[in-house]
Structures are given as structure tokens and as C-alpha cells.
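Okay, so the sequence shown: first residue is 5 according to our numbering, each after it adds one. Everything below concerns the one structure shown next.
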Amino acid sequence: MSPSREEIDLHRLTVDEALTKLDDFLHAAFQAGLYQVWVIHGKGSGILRREVGRYLSGHPLVRFHGPADRHHGGIGATQVELSEW
Numbered sequence: 005m006s007p008s009r010e011e012i013d014l015h016r017l018t019v020d021e022a023l024t025k026l027d028d029f030l031h032a033a034f035q036a037g038l039y040q041v042w043v044i045h046g047k048g049s050g051i052l053r054r055e056v057g058r059y060l061s062g063h064p065l066v067r068f069h070g071p072a073d074r075h076h077g078g079i080g081a082t083q084v085e086l087s088e089w
């Protein structure tokens with residue numbers, strides 16, 4: 005899987021579906037040499053945002069993650085910086 009963009013949209017997915025898709029995306033982005041990507045999860049009730057954050061906190065390819073700036077979705081998205089190894 006090669007990411008065609010620097011973002012992934014997880015709207016309308018269950019947490020399990022979203023995390024599986026996110027993991028595939030992170031590995032493909034890392035292999036493609038991307039340094040920064042965005043995860044679009046929406047605002048909603050915050051469950052998906054919270055679970056995405058928890059997942060990213062323990063992911064070996066993630067160096068940093070936090071809320072996206074307003075141009076990339078604000079609290080409806082998460083900015084991710086991938087490790088350089």
C-alpha cells in the first residue's frame with residue numbers, strides 16, 4: 005500500500021477498522037519516506053480521536069503526534085511526525 009496523499013480519512017469507521025487502516029497507512033507512509041502525515045478522524049464524540057491518540061502514543065514509527073493546525077482540520081485531525089530510522 006502506497007499512500008497517495010499525506011493524509012488518511014477515518015470517518016465512518018469503527019475504532020478497530022480505523023486502527024487497522026491507520027497502521028497500514030503509517031507503514032506505507034514510512035516506507036514512502038514521508039516525514040509528516042495527518043489523520044482525519046472528525047470531531048464527533050471524541051472517541052475515535054482519543055483511541056487514535058492512544059494508538060499513536062505506542063506506535064514505534066511515530067515520533068510525535070498532536071492536534072492539527074486549523075488549516076489541516078484542527079481538533080478533527082491529528083498531525084503525526086514519523087521517526088527517521
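We put the beta carbon where it would ideally sit given N, CA and C, even for glycine. None of these values were measured; they are calculated from a predicted model.
Exercise. Determine the DSSP secondary structure at alanine 72, reduced to helix, strand or coil.
Key: For the purposes of this step, residue 72 is taken as the residue at position 68 of the sequence shown. Coil.
Practice problem: Answer with buried or exposed for histidine 69, where buried requires no fewer than 16 other C-beta atoms within 10 angstroms of its C-beta. | Solution: Numbered from its first residue, the sequence shown carries residue 69 at position 65. The residue in question, histidine 69, is buried, as its Cβ has 16 or more Cβ neighbours within 10 Å.
Quiz prompt | Those residues which DSSP pairs with isoleucine 12 across a bridge | solution = Taking the sequence shown and counting its residues from 1, one reaches residue 12 at position 8. DSSP lists Val43 as partners of isoleucine 12.
Quiz item: Exposed or buried, which one is glycine 78 when buried takes at least 16 other CB atoms within 10 Å?
Solution: Your numbering for residue 78 matches position 74 in the sequence shown. By the Cβ neighbour-count rule, glycine 78 is exposed, with fewer than 16 other Cβ atoms within 10 Å of its own.
Quiz item: Since glutamate 85 is in the beta strand (DSSP E), which residue starts that stretch and which ends it?
Solution: Within the sequence shown, residue 85 is the residue found at index 81, counting from 1. Taken as a continuous stretch (DSSP letters only), the beta strand (DSSP E) holding glutamate 85 covers 81–86.
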